[in-house]
Amino acid sequence: MGAGWPPSRFWQYWALAGMLVLTAAFWWGVEGYAYFEGGYARGPIADGLLRFSLLVLTPTLVLIWLAAAWLRRRIGETGFWQLLGLVAMIWAGAILVARMLMA
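Oh and the sequence shown: position 89 is 186 in this note's numbering, straight run, nothing missing.
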């Protein structure tokens with residue numbers, strides 16, 4: 098099994114995605130924590146969704162991005178991007194709903 102040509106651009110895309118993933122995770126970590134400490138979540142659903150997005154979804158998004166080499170060997174490049182996209186969509190949806198409930 099020789100090297101494929103053209104060579105894979107996986108790591109270039111991974112680095113670009115990392116800029117978005119890590120920036121978004123840091124941003125939500127800071128802003129979500131400020132919401133949590135400020136008591137902006139008025140109801141139990143908003144509070145639970147805020148906590149879940151901060152404690153579960155944000156670390157999951159970062160860990161999947163960091164585990165790229167391990168996941169790429171097991172599920173392939175397209176599988177990795179599908180998994181990262183799925184987690185990112187769930188994460189973004191939870192943040193959107195939490196922000197709407199806190200408005």
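C-beta atoms are modelled at their ideal positions from N, C-alpha and C, and glycine is treated no differently.
Pairwise C-alpha distance: residue j and residue i
i, j, result
"D144", "G129", "11 Å"
"L119", "T157", "12 Å"
"L246", "G115", "Since the first residue of the chain shown is 98 and the last is 200, residue 246 is not available in this structure."
"W125", "I187", "14 Å"
"R171", "G136", "42 Å"
Limits of the unbroken alpha helix (DSSP H) element including residue i
i, result
"Y130", "F107 to G135"
"V159", "T155 to L163"
Sequence-distant residues of its chain with Cβ nearer than 7 Å to residue i (five each side left out)
i, result
"A138", "Y132, D144, L147 and M199"
Residue i (DSSP reduced to helix, strand or coil)
i, result
"L148", "With the sequence shown as reference, residue 148 is identified as Arg, and Leu is not the correct amino acid for it. Looking at R148 - three-state DSSP - the assignment turns out to be helix."
"R170", "helix"
"G176", "helix"
"R196", "helix"
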